[in-house]
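In the working numbering, the protein residues as written are 5 to 181.
1. Quick check: residue 118 and residue 151, are their CB atoms within less than 8 Å of each other?
2. Between residue 108 and the rest of its own chain, which residues show a CB-CB distance below 7 Å, the 5 nearest in sequence each way excluded?
3. Quick one: using the 10 Å Cβ neighbour count with 16 as the cut-off for buried, is residue 113 buried or exposed?
4. DSSP state of residue 15, grouped into three classes?
5. Go to residue 169, then tell me how far its alpha helix (DSSP H) extends in each direction, as first and last residue.
6. Less than 8 Å between the C-beta atoms of residue 155 and residue 116, yes or no?
7. To the nearest angstrom, report how far apart residue 36 and residue 60 are at their CA atoms.
8. According to the neighbour-count rule (16 or more other Cβ atoms, all chains shown, within 10 Å of its Cβ), is residue 5 buried or exposed?
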């Protein structure tokens with residue numbers, strides 16, 4: 005339910021339900037906090053989301069993991085706080101997972117911050133040099149702000165390295181056929 009409220013931009017209702025859950029004796033777990041932080045992110049409740057993230061361990065005995073870090077970076081990024089998101093990533097005690105950097109790249113793309121986006125893309129490409137999606141995101145970021153020459157250079161790198169984006173597909177198994 006917390007996740008559903010968040011998905012529909014009803015962050016306040018998600019928070020209320022979270023408190024109702026806790027007050028009824030149920031303990032939140034890692035998944036609960038992913039849903040709660042995501043609800044805060046999708047509803048623009050940055051201060052609230054930061055509060056819950058900072059109190060996960062001390063008040064709720066839930067150790068933050070990669071998914072929570074991704075939610076926090078996404079939340080800061082959506083609200084335009086790119087430098088705060090970057091500082092958070094740089095302050096992490098362990099090597100940030102590519103998902104954390106991916107959330108940062110998406111935020112840079114959304115807000116058109118090509119300088120930060122290039123820096124983040126370079127980090128991602130060191131972590132996953134064969135992931136064509138990061139090249140495409142950077143190229144699209146350049147296109148969006150009219151930097152066609154830079155976009156073409158990135159596309160040429162994709163071609164020269166023979167990188168391919170795997171097409172998605174779905175499979176439905178109909179049991180009676």
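Beta carbons: idealized from backbone N, C-alpha and C, even for Gly.
Just so you know, these numbers come straight off a predicted model, no measurement behind them.
Well, looking at it:
1. Indexing the chain shown from 1 puts residue 118 at position 114. Indexing the chain shown from 1 puts residue 151 at position 147. Taking the C-beta atoms as reference points, residue 151 is found nearer than 8 Å to residue 118.
2. Numbered from 1 along the chain shown, position 104 holds the residue referred to as residue 108. Same-chain partners within the cutoff: 77, 81, 89, 90, 93, 124.
3. In the chain shown, counting from the first residue as 1, residue 113 sits at position 109. That one is buried.
4. Indexing the chain shown from 1 puts residue 15 at position 11. Residue 15: helix per DSSP, three-state reduction.
5. Within the chain shown, numbered from 1, the residue matching residue 169 stands at position 165. No alpha helix (DSSP H) holds residue 169; DSSP gives it neither H nor E.
6. As a first step, residue 155 must be located in the chain shown, where it is residue number 151. As a first step, residue 116 must be located in the chain shown, where it is residue number 112. No, they are not a contact pair.
7. Counting from 1 along the chain shown, the entry for residue 36 is found at position 32. Counting from 1 along the chain shown, the entry for residue 60 is found at position 56. C-alpha separation (whole angstroms): 11 Å.
8. Start at 1 with the first residue of the chain shown, and residue 5 comes out as number 1. The residue in question, residue 5, is exposed, as its Cβ has fewer than 16 Cβ neighbours within 10 Å.
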